[in-house]
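Visitor: Sharing a structure here in structure tokens format.
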Amino acid sequence: MISRYALLLCAATAATPAFAADTRPPAEFGADWDDPRTAEPKVVRPDIRHCTVEIVRHGFADFEPYRQAFTPPADCPGPWHKVVLDMEGSVKGRQYDRMGQISVGGVTLLRTSTPEPSREGIRWQVEKDVSAYAPLFTREQPVVMELGNLVNETYTGVFDIRATLTFYPADAAHAPAATAERIVPLDEAHRAGADLVGGFTLPADTRRLVAEVYANGSGGGCEEFWYLSVARKEYSCASEHGPYRELQVLIDGKVAGLAAPYPHIYTGGWSNPFLWYAIPAPHTFDLHPQRFELTPFIGLLNDGKPHELRVRVVGLAHDATGWTLLPHLQIWRDPKGVRTRGELTSHVLGKPARNDAFSEENGRTVLRASGAGELKLTGWIETSEGRRDIEVAYRVGMQSRHDWDKDENDDRLKAEWTDSQRISTQAAGQSAVIEEKALAFSLDGGIRTVAEAGNPRLTTDLVIQADETNQRRQGDAAASWTKVENRFEGEAAYTQKVPREQRRATGHSRQDFRMTDSAGACQARRIATVNGYFTEDDTTCVR
0 MISRYALLLC AATAATPAFA ADTRPPAEFG ADWDDPRTAE PKVVRPDIRH
50 CTVEIVRHGF ADFEPYRQAF TPPADCPGPW HKVVLDMEGS VKGRQYDRMG
100 QISVGGVTLL RTSTPEPSRE GIRWQVEKDV SAYAPLFTRE QPVVMELGNL
150 VNETYTGVFD IRATLTFYPA DAAHAPAATA ERIVPLDEAH RAGADLVGGF
200 TLPADTRRLV AEVYANGSGG GCEEFWYLSV ARKEYSCASE HGPYRELQVL
250 IDGKVAGLAA PYPHIYTGGW SNPFLWYAIP APHTFDLHPQ RFELTPFIGL
300 LNDGKPHELR VRVVGLAHDA TGWTLLPHLQ IWRDPKGVRT RGELTSHVLG
350 KPARNDAFSE ENGRTVLRAS GAGELKLTGW IETSEGRRDI EVAYRVGMQS
400 RHDWDKDEND DRLKAEWTDS QRISTQAAGQ SAVIEEKALA FSLDGGIRTV
450 AEAGNPRLTT DLVIQADETN QRRQGDAAAS WTKVENRFEG EAAYTQKVPR
500 EQRRATGHSR QDFRMTDSAG ACQARRIATV NGYFTEDDTT CVR
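First residue of the sequence shown? That's 0 in numbering that gives the first Met the number 0, and the numbers climb one at a time after it.
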């Protein structure tokens, strides 16, 4: 199991290498504000020879994808110790937030959402360690960036984007990145109702198989806010199955992995862009993919025949829209090219557990919702290095309290999600290697609208927590672990149905990021804003 935070090599988003804080912010939002930034740490880069290849330079003003050919850097041939993706963007005027992604060879490297601009213009930057995708960069490949955008007399903002890949070759002091041998998109991927379906054919010598899936509800409809869905038609975002969503990967019709989708909030989210102008919600500029360990299935798949992978969002109606699903496969092969053998010896899928309970309390409708899913797989794989027994266990859960008044002028949510994955691998005569990942997400906030001077004034308050713990242990040896705690909290208000200069918008926000590991390393940063300007930016406990 790979942690994106392992050894402090983190994907991160930032604005500039050094940051200033304004101790005297304006009393209200004006026509301009600080460039957005986040508290996540920057990618650690080695101080060695490197080469940079530009893969995107384009102004996105419509819905046409940008296309270019990637050529490996001749002056920095592989293998590479590290590969880093950098994306820089700028936009000014008026524009909505937009979703986008960059792919190489049909495989998504980055799924992202943009900030909303000021009239004077903003710049932002995203960086991501993409070393795990190194096999894609060994040959010429098509590059595609999609960032659909509408520009007209009202919405004037054009997103100017530049993206590069920087290659750091391995040397005696810097080992090659540990990666799969092949990374491939699905063949003929297409929609089948709400599912995403595609094919694949495995090499006979496959020894490990992982699916990676970028999944998010988006598009401005109710599935962008799926966690607020209600199985009642009188609510503005009605959904037949309520708010529970579960991401599933199926192999030839059999469920092979479970995950809890992350509750992404984009920079126009919760009806209030003023809350996100300077500090976006966690995982907004760099949406994290879900990983599914499929090695127990190899014995059923490496027969040279085509097989089907299906990605499903449980909780959606069969023909529902509103989710983007971007899967690919990572394939490890036997070092001697020997055909592998394997067997899926046990497949236990827990019975779905979902419950929606409605009540009326103090003039408010209350929905208490919960859901859970479990899957346990056991099997074995035999390679040129011997036999390994494998056990993979998934467990996901959600519980929420959602309440609103008659006209939805006061709408509140408190929700929590958990997602755990445990992989045990044991070779003959050795102690099992156990890798565990535990994710915990929560949202606690609301939107309320009150009349003020004859116009509605909307206030959004929200606390977001996004935590991740990864642990690896074998036998009696001490476990190695990393832990990330990522918290956002803020509140913003503005007057509706008036010209922008009369909105009297105010807001404050804060993000606290803290990362620790079993080696004693610690990295923490706090950033805070008032009315669009940073008032605090402190880095602590780096050692």
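For glycine and all other residues, C-beta sits at the position ideal for the given N, C-alpha and C.
Tell me, to the nearest whole angstrom, how far the beta carbon of isoleucine 278 is from that of glutamine 510; I am working on the premise that it is less than 8 Å.
Guide: Isoleucine 278 to glutamine 510, Cβ: 5 Å. Contact.
Visitor: Quick check: alanine 477 and arginine 471, are their CB atoms within less than 8 Å of each other?
Guide: Their beta carbons are not under 8 Å apart, which means alanine 477 does not touch arginine 471 by this criterion.
Visitor: Below 8 Å on the Cβ atoms is my guess for proline 288 versus leucine 308; work out the distance and round it to an integer in Å.
Guide: That pair is no contact at about 15 Å.
Visitor: For the candidate residues Glu139, Gly105, Asp96, whose alpha-carbon lies nearest to that of leucine 149?
Guide: The shortest Cα separation from leucine 149 among Glu139, Gly105, Asp96 belongs to Asp96.
Visitor: Can the beta-carbon of leucine 457 be found closer than 8 Å to that of serine 235?
Guide: Result no, Cβ atoms of leucine 457 and serine 235 do not sit closer than 8 Å.
Visitor: Near histidine 49, what residues of its chain come up, given a Cβ to Cβ distance below 7 Å and the 5 sequence neighbours on each side ignored?
Guide: Taken in chain order, the residues that qualify are Cys75, Thr165, Phe166, Tyr167.
Visitor: Tell me which residues share the same chain as leucine 348 and place their Cβ nearer than 6 Å to its Cβ, disregarding the 5 neighbours each side in the sequence.
Guide: If we look at leucine 348 and ignore the five residues flanking it on each side, its Cβ neighbours are Val254, Leu374.
Visitor: Considering only the alpha carbon of each residue, which of His263, Glu292, Leu208 lies closest to threonine 111?
Guide: Out of His263, Glu292, Leu208, His263 has the C-alpha closest to the C-alpha of threonine 111.
Visitor: On a CA-only basis, which of Thr481, Glu451, His401, Glu484 is nearest alanine 492? Give me that one, please.
Guide: The option with the nearest alpha carbon to alanine 492 is Glu451.
Visitor: Go through its chain and collect everything with a Cβ distance to tyrosine 154's Cβ below 6 Å, but skip five positions before and after it.
Guide: Cβ neighbours of tyrosine 154 beyond the five flanking positions: Arg93, Gln94.
Visitor: By the three-class DSSP mapping on this structure, what secondary structure does cysteine 221 have?
Guide: In the structure shown, cysteine 221 sits in a helix (DSSP, three-state: H, G or I).
Visitor: I need the boundaries of the beta strand (DSSP E) containing glycine 99, first residue and last residue.
Guide: Per DSSP, glycine 99 belongs to the beta strand (DSSP E) from 98-103.
Visitor: Helix, strand or coil for serine 89 per DSSP?
Guide: Of the three classes helix, strand and coil, the one that applies to serine 89 here is strand, per DSSP.
Visitor: I need the DSSP call for valine 501, collapsed to helix, strand or coil.
Guide: Position check: residue 501 holds glutamine in this sequence, whereas valine was assumed. Glutamine 501 falls in the helix class under three-state DSSP.
Visitor: Could you tell me whether the Cβ atoms of aspartate 46 and glutamate 119 are closer together than 8 Å?
Guide: Their beta carbons are not under 8 Å apart, which means aspartate 46 does not touch glutamate 119 by this criterion.
Visitor: Closer than 8 Å is the cut-off here; do at least three beta carbon pairs connect the segment 353-361 with the segment 316-324?
Guide: Touching, no, given that fewer than three Cβ pairs across the two stretches are closer than 8 Å.
Visitor: Which residues in the same chain have their Cβ closer than 6 Å to the Cβ of phenylalanine 62, if we skip the five residues on either side of it in sequence?
Guide: So the list reads Gly147, once near-sequence residues are dropped.
Visitor: Do the CB positions of proline 295 and threonine 377 come within less than 8 Å of each other?
Guide: Their beta carbons are under 8 Å apart, which means proline 295 touches threonine 377 by this criterion.
Visitor: Rounded C-beta distance between proline 272 and glutamate 115? I'm assuming under 8 Å.
Guide: With 8 Å as the limit, proline 272 and glutamate 115 qualify as a contact, their Cβ atoms being about 5 Å apart.
Visitor: Threshold first: 3 residues or longer. Then list the beta strand (DSSP E) segments lying entirely within the segment 277-346, N to C.
Guide: Complete beta strand (DSSP E) runs here, min 3: 289-292, 306-313, 322-332.
Visitor: Give the list of continuous beta strand (DSSP E) stretches no shorter than 3 residues that lie fully inside the segment 143-212.
Guide: Those beta strand (DSSP E) runs which fall completely within the segment 143-212 and span 3+ residues are 158-168, 181-184, 186-191, 194-199.
Visitor: Please check the pair isoleucine 446 and aspartate 410, which I expect to be a contact at CB under 8 Å, by giving their CB distance rounded to whole angstroms.
Guide: 5 Å between Cβ atoms; contact.
Visitor: DSSP three-state call for serine 270: helix, strand or coil?
Guide: It is helical.
Visitor: Could you give the residue range of the beta strand (DSSP E) that holds serine 479?
Guide: Serine 479 -> beta strand (DSSP E) spans 479-494.
Visitor: If distances are taken between C-alpha atoms only, which option among Leu201, Gly531, His173, Glu180 comes closest to aspartate 186?
Guide: Per the Cα distances, Leu201.
Visitor: Using three-state DSSP, classify alanine 237 as helix, strand or coil.
Guide: Three-state result, alanine 237: strand.
Visitor: Which whole-angstrom value is the C-beta distance of asparagine 530 and glycine 506, which I expect to be below 8 Å?
Guide: Correct: roughly 6 Å between the Cβ atoms.
Visitor: Where glycine 220 and serine 228 are concerned, what is the direct C-alpha to C-alpha distance, given to the nearest angstrom?
Guide: One C-alpha to the other measures close to 11 Å.
Visitor: Just how far apart, CA to CA, sit aspartate 251 and valine 103?
Guide: Their backbone Cα atoms lie some 26 Å apart in a straight line.
Visitor: Below 8 Å on the Cβ atoms is my contact criterion, and I expect arginine 122 with glycine 156 to pass it. Report the Cβ-Cβ distance as a whole number of Å.
Guide: Incorrect: roughly 13 Å between the Cβ atoms, too far for contact.
Visitor: Can lysine 413 and arginine 400 be called in contact, C-beta distance under 8 Å?
Guide: Their beta carbons are under 8 Å apart, which means lysine 413 touches arginine 400 by this criterion.
Visitor: Does DSSP classify serine 399 as helix, strand or coil?
Guide: Strand at serine 399.
Visitor: Between isoleucine 24 and tyrosine 532, which are expected to be in contact by the criterion C-beta below 8 Å, what is the C-beta distance as a whole number of angstroms?
Guide: Inspection of the sequence shows that residue 24 is occupied by proline rather than by isoleucine. Confirmed, Cβ separation roughly 4 Å.
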